[in-house]
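As structure tokens, the structure follows; a few thoughts come after it.
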Amino acid sequence: MGFHRVTSTFARAPLEKFMVESSVCCPATKKTKVLSVERIENENLWQMYQTRKDMLRKMVLARAPSVRKLSAVTRWQPVLTGSVADLSADVNEFYLFHGTSSRMASVIAEHGFDERMA
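Here the sequence shown stands for residues 0 to 117, numbered as in numbering that gives the first Met the number 0.
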């Protein structure tokens with residue numbers, strides 16, 4: 000197993016509040032109870048992500064006037080106090096939350112998130 004899971008206590012309550020109160024979520028999510036939030040740590044995937052982010056940063060710098068910066072706070076994600084400093088605003092980096100079963104979380108953690116399968 001090339002990854003491990005870390006419980007993310009700072010995100011559980013804001014994420015649940017967002018799911019219940021947000022107008023962007025479907026009606027079913029308003030009944031959601033967030034049991035836990037885990038951060039997946041896979042060193043290989045993290046290195047690939049950092050390399051891609053560096054490439055994106057160079058592309059953004061080359062086209063600086065034409066790249067619109069996004070707000071750190073959007074209606075599409077919960078407000079996570081203190082965690083925004085961990086993100087790279089220069090490449091419009093945001094957190095991605097994905098609810099799934101424990102079995103599928105292990106597949107995602109091992110092989111990466113494939114948005115075509117979401």
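By construction, the Cβ of each residue, glycine as well, lies at the ideal position given by its N, Cα and C atoms.
- A Cβ-Cβ separation of about 6 angstroms places VAL90 in contact with LYS52 under the 8 angstroms criterion.
- Bridge pairing for HIS3: GLU40 [DSSP].
- When DSSP states are grouped into helix, strand and coil, PRO77 belongs to the coil group.
- In the DSSP assignment, HIS110 falls within the alpha helix (DSSP H) that extends over 101-110.
- For the options TYR94, ILE39, PHE17, GLU15, the alpha carbon positioned closest to that of ARG4 is the one of ILE39.
- Taken through DSSP and simplified to helix, strand or coil, ARG11 comes out as helix.
- With fewer than 16 other CB atoms across the displayed protein chains lying within 10 angstroms of its CB, LEU34 is exposed.
- DSSP, read as helix, strand or coil, puts TYR94 in coil.
- The three-state secondary structure of SER21, taken from DSSP, is coil.
- Rounded to the nearest angstrom, the gap between the Cα atoms of ARG11 and ASN43 is 26 angstroms.
- THR50 carries a helical assignment under DSSP once its states are collapsed to helix, strand and coil.
- When DSSP states are grouped into helix, strand and coil, VAL66 belongs to the coil group.
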